[in-house]
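2 protein chains.
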Amino acid sequence: MIVVLTGGTGGAKFVEGLRQVVSAHDLTFVVNTGDDLEWWGLYVSPDLDSITYAMAGLLSKERGWGVKGDTFFCLQAMGELAEPIWFNVGDRDLAVHLLRSKYLAQGKTLTEATTAICNKLAVQARILPMSNSRVETRVDTPVGDLSFQEYFVQRWYQDPVKSVRFTGATDAEPAPGVVDSIMSASAVILAPSNPATSIGPILAVADIREALRQTPATVAAISPIVNDAAVSGPAAALMAAQGLPVSIAGVVKAYEDFLDILIADVRDLEAANKLDRPGLRVHCANTIMRTADDKAKLARTVLALLSAENARAADPS
Amino acid sequence: MIVVLTGGTGGAKFVEGLRQVVSAHDLTFVVNTGDDLEWWGLYVSPDLDSITYAMAGLLSKERGWGVKGDTFFCLQAMGELAEPIWFNVGDRDLAVHLLRSKYLAQGKTLTEATTAICNKLAVQARILPMSNSRVETRVDTPVGDLSFQEYFVQRWYQDPVKSVRFTGATDAEPAPGVVDSIMSASAVILAPSNPATSIGPILAVADIREALRQTPATVAAISPIVNDAAVSGPAAALMAAQGLPVSIAGVVKAYEDFLDILIADVRDLEAANKLDRPGLRVHCANTIMRTADDKAKLARTVLALLSAENARAADPS
Numbered sequence: 125m126i127v128v129l130t131g132g133t134g135g136a137k138f139v140e141g142l143r144q145v146v147s148a149h150d151l152t153f154v155v156n157t158g159d160d161l162e163w164w165g166l167y168v169s170p171d172l173d174s175i176t177y178a179m180a181g182l183l184s185k186e187r188g189w190g191v192k193g194d195t196f197f198c199l200q201a202m203g204e205l206a207e208p209i210w211f212n213v214g215d216r217d218l219a220v221h222l223l224r225s226k227y228l229a230q231g232k233t234l235t236e237a238t239t240a241i242c243n244k245l246a247v248q249a250r251i252l253p254m255s256n257s258r259v260e261t262r263v264d265t266p267v268g269d270l271s272f273q274e275y276f277v278q279r280w281y282q283d284p285v286k287s288v289r290f291t292g293a294t295d296a297e298p299a300p301g302v303v304d305s306i307m308s309a310s311a312v313i314l315a316p317s318n319p320a321t322s323i324g325p326i327l328a329v330a331d332i333r334e335a336l337r338q339t340p341a342t343v344a345a346i347s348p349i350v351n352d353a354a355v356s357g358p359a360a361a362l363m364a365a366q367g368l369p370v371s372i373a374g375v376v377k378a379y380e381d382f383l384d385i386l387i388a389d390v391r392d393l394e395a396a397n398k399l400d401r402p403g404l405r406v407h408c409a410n411t412i413m414r415t416a417d418d419k420a421k422l423a424r425t426v427l428a429l430l431s432a433e434n435a436r437a438a439d440p441s
Numbered sequence: 125m126i127v128v129l130t131g132g133t134g135g136a137k138f139v140e141g142l143r144q145v146v147s148a149h150d151l152t153f154v155v156n157t158g159d160d161l162e163w164w165g166l167y168v169s170p171d172l173d174s175i176t177y178a179m180a181g182l183l184s185k186e187r188g189w190g191v192k193g194d195t196f197f198c199l200q201a202m203g204e205l206a207e208p209i210w211f212n213v214g215d216r217d218l219a220v221h222l223l224r225s226k227y228l229a230q231g232k233t234l235t236e237a238t239t240a241i242c243n244k245l246a247v248q249a250r251i252l253p254m255s256n257s258r259v260e261t262r263v264d265t266p267v268g269d270l271s272f273q274e275y276f277v278q279r280w281y282q283d284p285v286k287s288v289r290f291t292g293a294t295d296a297e298p299a300p301g302v303v304d305s306i307m308s309a310s311a312v313i314l315a316p317s318n319p320a321t322s323i324g325p326i327l328a329v330a331d332i333r334e335a336l337r338q339t340p341a342t343v344a345a346i347s348p349i350v351n352d353a354a355v356s357g358p359a360a361a362l363m364a365a366q367g368l369p370v371s372i373a374g375v376v377k378a379y380e381d382f383l384d385i386l387i388a389d390v391r392d393l394e395a396a397n398k399l400d401r402p403g404l405r406v407h408c409a410n411t412i413m414r415t416a417d418d419k420a421k422l423a424r425t426v427l428a429l430l431s432a433e434n435a436r437a438a439d440p441s
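Same order as they appear, the protein sequences are chains A and B.
Residue numbering for the first sequence follows my numbering, beginning at 125 and increasing consecutively.
Residue numbering for the second sequence follows my numbering, beginning at 125 and increasing consecutively.
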């Protein structure tokens with residue numbers, strides 16, 4: 125079983141690649157819930173949705189989030205009712221939010237609600253929220269303490285970031301299955317997600333980070349930073365606010381206590397050669413995923429590296 | 125102030141007529157909530173919605189319920205998630221259900237939620253739910269005890285009706301403003317709604333029925349029964365189950381303790397002449413509302429009768 129830690133649009137793209145080259149039965153996803161929000165009275169979990177839609181073949185490739193071909197008539201009506209509409213919810217997407225909210229109101233955990241939704245969409249991979257308790261990514265800026273979606277979507281990540289914190293993380297337990305799956309994995313992959321706010325909240329749950337340190341499986345990460353800048357989104361500012369260099373060195377630092385393999389972009393070959401981390405293997409590949417084929421190729425490359433690593437570990441001669 | 129008791133599609137049509145001929149500021153609606161249901165985890169109040177949409181100019185004329193020009197993409201997605209979709213909710217309609225549910229979850233009463241939605245839609249009439257406590261119309265049939273929507277929408281009102289009851293009615297208080305508005309009205313109109321399950325639940329709240337008995341205002345009802353059959357829907361079977369004749373005599377019997385004027389259809393002239401109810405004035409008019417003009421004409425006729433009645437009362441010489 126391959127375990128993938130993921131969040132954000134970069135993570136979802138990589139999952140679309142994995143889906144093309146690995147049987148869904150062999151995949152377990154541990155998904156960031158730090159971006160979750162209450163919206164129109166519903167519980168919305170953007171990263172769980174993206175991974176679920178990606179595995180169901182429903183993810184919009186144009187937008188990178190939400191359901192392909194979706195319409196926005198309810199959103200438009202909400203705007204006419206003078207309700208906030210800065211967070212985009214499509215009419216088909218809304219069905220999943222309604223269903224999840226109904227399950228949670230019935231007393232189901234987020235894990236149970238996610239499994240039920242996956243079953244309904246015939247998703248055969250195992251998709252796990254990182255935790256069933258609320259861990260919330262908060263971004264401190266000159267205009268105030270913002271939720272991640274307020275910072276990212278409502279305000280277009282234009283505010284300078286003073287600090288990032290994950291409220292509730294200290295007391296949060298990993299969701300059922302998360303630690304077990306990491307400990308028994310054949311390999312663990314950290315998707316090319318923002319280390320600060322997509323993977324960061326997952327690692328802020330202490331028992332998950334500890335499992336990554338303890339697992340006998342090889343842990344590989346794909347860098348979302350290329351040429352000292354984020355491939356997309358606000359990763360650079362958020363990493364800087366956490367004291368991380370905005371470079372592949374910063375990615376390595378974020379994961380330093382458990383990372384075995386870094387997959388950096390080919391454009392970072394020089395930086396990769398300069399990395400001085402005994403025991404860390406660094407490989408370069410094309411990490412920019414524009415087409416379905418790019419996504420599949422990157423997934424294949426990562427899997428091949430992990431296979432080679434496992435073979436090497438089995439026969440160290 | 126004219127107070128209108130209403131529910132169902134007949135009621136909504138009549139309200140569309142009133143809207144054309146009376147200033148919205150002069151209208152107060154007391155609306156049936158016995159049909160309300162929880163749907164996809166949301167609180168849905170079909171009759172409050174219909175009257176609100178009618179007064180906002182948003183009611184679908186083709187369907188007689190919901191928002192004109194609405195789409196059903198969320199409903200379709202719910203169907204694909206194997207959720208029940210027998211109760212039709214449009215994408216724009218959904219916005220109002222989301223908003224009302226959010227208000228109720230915040231602790232607002234149904235009255236407050238309704239007022240807030242009316243304000244957002246610039247509805248200037250006063251729309252009041254009959255009660256802020258839950259009164260539920262239950263229809264006992266050979267297949268079991270059904271909610272009104274299960275009986276009416278899900279099962280196409282095909283089941284024989286053994287009895288109808290209004291659970292919660294005994295303990296229900298009228299919503300704030302209902303009794304005051306009836307007591308101080310210039311006239312009270314019972315819309316051409318089903319006496320059994322559209323007006324019936326309102327009258328089952330004892331203090332509302334008592335206010336209708338006590339009010340100095342003239343109380344007029346428009347018959348939804350023409351030629352011993354309902355103009356639309358299941359009124360006949362439901363009236364029969366309540367021991368009411370399916371005729372204008374049955375309508376009069378349902379309202380016998382407070383009715384001053386009955387507006388019957390012209391097709392019931394003979395039946396109207398046979399009615400033997402001292403003190404009751406019966407008028408015949410075209411009550412079938414096919415066009416906007418039909419609706420306005422009926423509203424004008426009813427208002428003219430009430431004006432004449434008020435003039436007569438003011439100068440009984």
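All C-beta atoms, glycine included, are put in the ideal place defined by N, C-alpha and C.
Collapsed DSSP secondary structure at residue i in the structure displayed
| i | result |
| --- | --- |
| Pro-253 of chain B | strand |
| Arg-258 of chain A | coil |
| Glu-297 of chain A | coil |
| Tyr-167 of chain B | strand |
| Pro-196 of chain A | Per the sequence shown, the amino acid found at residue 196 of chain A is Phe instead of Pro. In this structure, Phe-196 of chain A counts as coil in the three-state DSSP scheme. |
| Ala-432 of chain B | helix |
| Phe-211 of chain A | coil |
| Val-154 of chain A | strand |
| Arg-289 of chain B | strand |
| Ala-353 of chain A | strand |
| Val-191 of chain A | strand |
| Val-247 of chain A | coil |
| Val-127 of chain B | strand |
| Leu-182 of chain B | coil |
| Tyr-177 of chain B | helix |
| Glu-394 of chain B | helix |
| Thr-233 of chain A | coil |
Chain A contact residues for residue i, given Cβ-Cβ distances below 7 Å
| i | result |
| --- | --- |
| Cys-198 of chain B | Cys-198, Asp-215, Arg-216, Leu-218, Ala-219 |
Under 8 Å by beta carbon: chain B residues contacting residue i
| i | result |
| --- | --- |
| Gly-231 of chain A | Within chain B, no residue comes near Gly-231 of chain A; the closest Cβ sits about 13 Å away, beyond 8 Å. |
| Ala-206 of chain A | Lys-244 |
| Thr-425 of chain A | What Thr-425 of chain A touches in chain B: nothing, since even the nearest Cβ is about 35 Å away. |
| Thr-195 of chain A | Thr-195, Phe-197, Asp-215 |
Interface partners of residue i on chain A, CB under 8 Å
| i | result |
| --- | --- |
| Lys-226 of chain B | Trp-164, Gly-165 |
| Met-202 of chain B | Ala-219, Leu-222, Leu-223 |
| Thr-239 of chain B | In chain order: nothing, as chain A lies at least about 14 Å away. |
Residue i - partner residues in DSSP beta bridges
| i | result |
| --- | --- |
| Val-343 of chain A | A:Val-312 |
| Leu-386 of chain A | A:Ala-345, A:Val-406 |
| Leu-161 of chain B | B:Val-168 |
| Arg-143 of chain A | According to DSSP, Arg-143 of chain A bridges with nothing at all. |
| Asp-264 of chain B | B:Asp-269, B:Ser-287 |
Amino acids of chain B, ordered along the chain, whose beta-carbon sits closer than 7 Å to that of residue i
| i | result |
| --- | --- |
| Leu-222 of chain A | Trp-164, Gly-165 |
Contacts around residue i, its chain only, beta-carbon distance under 8 Å, and the 5 residues preceding and following it disregarded
| i | result |
| --- | --- |
| Glu-162 of chain B | Val-168 |
| Asp-400 of chain B | none |
| Asp-194 of chain B | Ser-184, Gly-214, Asp-215, Arg-216, Asp-217 |
Own chain, CB closer than 7 Å to residue i, minus 5 neighbours either side, in chain order
| i | result |
| --- | --- |
| Thr-176 of chain A | Ile-241, Cys-242, Leu-245, Val-247, Ile-251 |
| Trp-189 of chain B | Thr-133, Pro-170, Ser-174 |
| Ala-364 of chain A | Val-370 |
| Leu-362 of chain B | Val-285, Val-288, Asn-318, Ala-320, Thr-321 |
| Phe-272 of chain A | Gly-158, Asp-159, Thr-261, Val-263, Thr-321 |
8 Å contact criterion, which residue i and residue j should meet: CB distance rounded
| i | j | result |
| --- | --- | --- |
| Gly-158 of chain B | Glu-236 of chain B | Actually they do not touch by this definition, with Cβ atoms about 20 Å apart. |
| Val-72 of chain A | Leu-427 of chain A | In the structure displayed, chain A extends from 125 to 441; residue 72 of chain A sits before or after that span and is not available. |
| Arg-216 of chain B | Val-191 of chain B | 4 Å |
| Ala-345 of chain B | Ala-249 of chain B | 20 Å between Cβ atoms; not a contact. |
| Leu-429 of chain B | Ile-372 of chain B | Not a contact, Cβ separation roughly 16 Å. |
| Phe-211 of chain B | Val-277 of chain B | 6 Å |
| Ala-330 of chain B | Val-312 of chain B | With a Cβ gap of about 17 Å, Ala-330 of chain B and Val-312 of chain B do not count as contacting. |
Cut-off 6 Å between Cβ atoms - residues of its own chain near residue i, not counting five sequence neighbours on either side
| i | result |
| --- | --- |
| Leu-142 of chain A | Ala-423 |
| Asp-381 of chain B | Arg-337 |
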